[in-house]
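**Q** Dropping the structure in here first, questions after.
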Amino acid sequence: MTATLIDGLALSKKLRADVATRAAALTARGHQPGLAVVLVGDNPASEVYVRNKIKACEDNDLHSSYDRYPAELSEADLLKRIDELNNDPKINGILVQLPLPKHIDSHKVIEAIAPEKDVDGFHVANAGALMTGQALFRPCTPYGVMKMFEEYNIPLEGANAVVIGRSNIVGKPMALLLLEKGATVTICHSKTRDLAKHTLDADIVVAAVGKRNVLTADMIKPGATVIDVGMNRDDNGKLCGDVDFAGLKDKAGFITPVPGGVGPMTITMLLVNTIEAAERAAGV
Ligand code: GUN
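Heads up: the sequence shown begins at 2 in the working numbering, then just goes up one per residue.
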C-alpha cells in the first residue's frame, strides 16, 4: 500500500468534539440544538442511516425527534408535519430521509422545509445560495469531503478534479464546492463517453455513483487522490464502495476506505450544520 489512507473516523471524532462543545455552550444559554428526523416507509438502508443520525445527536448533546411513518403516509400529511416542525422553536434542523415513496413528490417536500432549517442543504434557496457562493448550508456529504481535503492538505487550487455522478445530493454540490476552491472541475456520469480519458488527467477523483468498480487502477494517474462516496455490497454481502480499493491503493496518493471514509463524515457534517442553524437562531 503506497496511498495514504484518509481516515474519516478519526476526522469525525475530532469534528464531533467541537460539535459537542458548541452544543453544550448553546444548551447552557437555554438553546439546546435540535434535529428532527423524518422517515417514511421501511427502506432498510434508510432505517440504518436514520438510526445512526439519531444516535450521533444523542452522543453529542443534541436534542432529536424522530417521526417514523408507514409508506402509505399521504403527501398532505407529510407537508403538514413539516409545517409543524418549521414552527417548532426546539427544532433547528429538519431532515427528511430520501428516497421517499413514489406517490410523494420529494421536490415539493424539500421546498416545504424552511430554508434556515434545511440542514441537508437541498432546498432550491440553499442550492442557489451555494451556486452563487453564499452558501447557508453545504450538503453534508460533499461538505465532509471538503473537510477531508483540508485535513490532509490536499491542494485544490488549479487541481484537475473529476466528479463521477451528477446527483443533487452529492455530485452537483461536490462540483460547486471544488470549483469554489479553484479546482478545474469535470462532472462525468452514466452518459460520459470515455470516463478513463477524464480520470487519467485528474489530480482528484470523487466517485459517487452507487456502482462497484467504476474506477480501477488503470484509470488514474499515479499519486491521484481518490474519494469513494459509494456504499454497495460485494458478492459476499460485504460493504464496499464505488472504486476498486484493492487495485487503487498501490497507485493513488490518498484514498478513502469503505467503511471508515466518507460515511462517518456525512453524519458529522449534519451535526455541524445543525449546530450552525442553532447558533444562527440563537443569534450567536
Ligand atoms: N439519502 C441519502 N443520503 C441522504 C442525505 O444526505 N440526506 C437525506 N435527507 N436523505 C439521504
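Quick reminder that beta carbons are idealized off the backbone N, C-alpha and C, glycines included.
These numbers were taken from a predicted model, which means no experiment stands behind them.
Where does Ile-268 sit, in a helix, a strand or coil, going by DSSP?
**A** Residue numbering aside, residue 268 sits at position 267 when the sequence shown is read from its first letter. Helix at Ile-268.
**Q** In angstroms, rounded to a whole number, what distance separates the CA positions of Ala-25 and Leu-99?
**A** Here residue 25 refers to the residue found at position 24 of the sequence shown. Here residue 99 refers to the residue found at position 98 of the sequence shown. Each residue's alpha carbon lies about 30 Å from the other.
**Q** At a cut of 8 Å, does the segment 76-85 reach the segment 134-150 through at least three beta carbon pairs?
**A** Result no; under three Cβ-Cβ pairs closer than 8 Å.
**Q** Could you tell me if the beta carbon of Asp-121 falls within a distance shorter than 6 Å of some heavy atom in ligand 1?
**A** As a first step, residue 121 is located in the sequence shown; it is residue number 120 there, counting from the start. Correct: Asp-121 has its Cβ closer than 6 Å to ligand 1.
**Q** Just checking my contact of Leu-178 with Pro-143 at CB under 8 Å: how many whole Å lie between their CB atoms?
**A** Within the sequence shown, the letter at position 177 stands for residue 178. Within the sequence shown, the letter at position 142 stands for residue 143. Indeed they touch by this definition, with Cβ atoms about 5 Å apart.
**Q** Got a sec: does ligand 1 put a non-hydrogen atom nearer than 6 Å to the Cβ of Cys-58?
**A** Stepping through the sequence shown from its first residue, residue 58 is reached at position 57. No - ligand 1 has no heavy atom lying nearer than 6 Å to the Cβ of Cys-58.
**Q** Ala-218 and Gly-172: beta carbons closer than 7 Å?
**A** Numbered from its first residue, the sequence shown carries residue 218 at position 217. Numbered from its first residue, the sequence shown carries residue 172 at position 171. For Ala-218 and Gly-172, no; Cβs fall outside 7 Å.
**Q** What's the C-alpha gap between Val-125 and Lys-118?
**A** For this step, residue 125 is matched to residue 124 along the sequence shown. For this step, residue 118 is matched to residue 117 along the sequence shown. Straight-line Cα distance between these residues: approximately 13 Å.
**Q** Return the bridge partner residues of Leu-96 from the DSSP annotation.
**A** Counting from 1 along the sequence shown, the entry for residue 96 is found at position 95. Bridge partners of Leu-96: Val-38.
**Q** Would the C-beta of Ile-55 count as close to ligand 1, meaning under 6 Å from any of its heavy atoms?
**A** Within the sequence shown, residue 55 is the residue found at index 54, counting from 1. Checking the Cβ of Ile-55 against ligand 1 gives no.
**Q** Go to Ile-111, then tell me how far its alpha helix (DSSP H) extends in each direction, as first and last residue.
**A** By one-based count along the sequence shown, residue 111 stands at place 110. Residues 107-113.
**Q** Comparing alpha-carbon positions, which option in Met-220, Gly-224, Leu-6, Cys-241 lies nearest Val-230?
**A** To locate residue 230, count along the sequence shown from 1; it is residue 229. The shortest Cα separation from Val-230 among Met-220, Gly-224, Leu-6, Cys-241 belongs to Cys-241.
**Q** Pairing CB atoms from the segment 9-21 with CB atoms from the segment 59-69, are three or more of them under 8 Å?
**A** These segments touch.
**Q** Would you kindly report the start and end of the unbroken beta strand (DSSP E) that includes Thr-226?
**A** Taking the first residue of the sequence shown as position 1, residue 226 is located at position 225. It spans 226-229 - the beta strand (DSSP E) in which Thr-226 sits, taken as one unbroken run.
**Q** Helix, strand or coil: how does DSSP classify Ser-13 here?
**A** Residue 13 sits at position 12 when you count from the first residue of the sequence shown. In the structure shown, Ser-13 sits in a helix (DSSP, three-state: H, G or I).
**Q** Beta carbon of Ile-95: closer than 6 Å to some heavy atom of ligand 1?
**A** Here residue 95 corresponds to residue number 94 of the sequence shown, with the count starting at 1. No, since every heavy atom of ligand 1 falls outside the 6 Å radius drawn around the Cβ of Ile-95.
**Q** With three or more beta-carbon pairs closer than 8 Å as the criterion, would you say the segment 6-19 touches the segment 64-80?
**A** The answer is no - the segment 64-80 does not touch the segment 6-19, with fewer than three Cβ pairs under 8 Å.
**Q** Tell me the DSSP bridge mates of Val-207?
**A** Within the sequence shown, numbered from 1, the residue matching residue 207 stands at position 206. Looking at the DSSP assignment, Val-207 forms a beta bridge with Val-164, Ile-228.
**Q** Is Leu-99 near ligand 1, judged by its Cβ being under 6 Å from some heavy atom?
**A** Your numbering for residue 99 matches position 98 in the sequence shown. It does: the Cβ of Leu-99 is within 6 Å (strictly closer) of some heavy atom of ligand 1.
**Q** Whole angstroms are fine: how far does the CA of Leu-196 sit from the CA of Asn-237?
**A** The sequence position of residue 237 within the sequence shown is 236, counting from 1. The sequence position of residue 196 within the sequence shown is 195, counting from 1. Asn-237 and Leu-196: Cα-Cα distance of roughly 27 Å.
**Q** Alpha carbons only, please: which of Ala-37, Ile-188, Pro-45 is nearest the one belonging to Lys-56?
**A** Numbered from 1 along the sequence shown, position 55 holds the residue referred to as residue 56. Of the candidates Ala-37, Ile-188, Pro-45, the one whose C-alpha sits nearest the C-alpha of Lys-56 is Ala-37.
**Q** Cα-Cα, which of Arg-234, Lys-222, Asp-243, Asp-235 is closest to Ala-208?
**A** The residue you call residue 208 lines up with position 207 of the sequence shown. Of the listed residues, the one whose Cα sits closest to Ala-208 is Asp-243.
**Q** Take every Cβ of the segment 250-259, pair it with every Cβ of the segment 103-123, and state whether three or more of those distances are shorter than 8 Å.
**A** No, they do not touch.
**Q** Is Ile-228 near ligand 1, going by C-beta to nearest heavy atom under 6 Å?
**A** Numbered from its first residue, the sequence shown carries residue 228 at position 227. No, ligand 1 has no heavy atom inside 6 Å of this Cβ.
**Q** Per DSSP, Asn-233 forms a beta bridge with which residues?
**A** Here residue 233 refers to the residue found at position 232 when the sequence shown is read from its first residue. Cys-241, per the DSSP bridge assignment.
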